[in-house]
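Numbering (this note's numbering), first residue to last: 1 to 64.
Reviewing the structure listed below.
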């Protein structure tokens, strides 16, 4: 099962296209800077894109 759920993410973001855009930008930022918003052991995902989606699901990334 994919974590976090696409339904939960779409309730927060509203658009699949916006979700992809935000998640990809955050994943690149994580890869380049290695800066995480949560502790390393709190993430379920091992990859940057999964970590970005988890941050979005926990409202750590604010969308303007």
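Even for Gly, the Cβ is constructed at its ideal location relative to N, Cα and C.
Fair warning: this is a prediction, and the values are worked out from it, not measured in the lab.
Which two residues bound the contiguous alpha helix (DSSP H) that contains residue 14?
-> In the DSSP assignment, residue 14 falls outside any alpha helix (DSSP H) and carries neither an H nor an E.
Buried or exposed for residue 2, please, with buried defined as at least 16 other CB atoms from any protein chain shown within 10 angstroms of its CB.
-> Residue 2 is exposed by the Cβ-count criterion.
Out of 15, 11, 27, which has the shortest C-alpha to C-alpha gap to residue 53?
-> When only C-alpha atoms are compared, the closest one is 27.
Inter-residue Cα distance where the pair is residue 30 and residue 50 | The straight-line gap separating the alpha-carbon atoms of residue 30 and residue 50 is approximately 11 Å.
Same chain, Cβ closer than 6 Å to residue 59, neighbours up to 5 away in sequence not counted | Excluding residues within five positions, none has a Cβ falling inside 6 Å.
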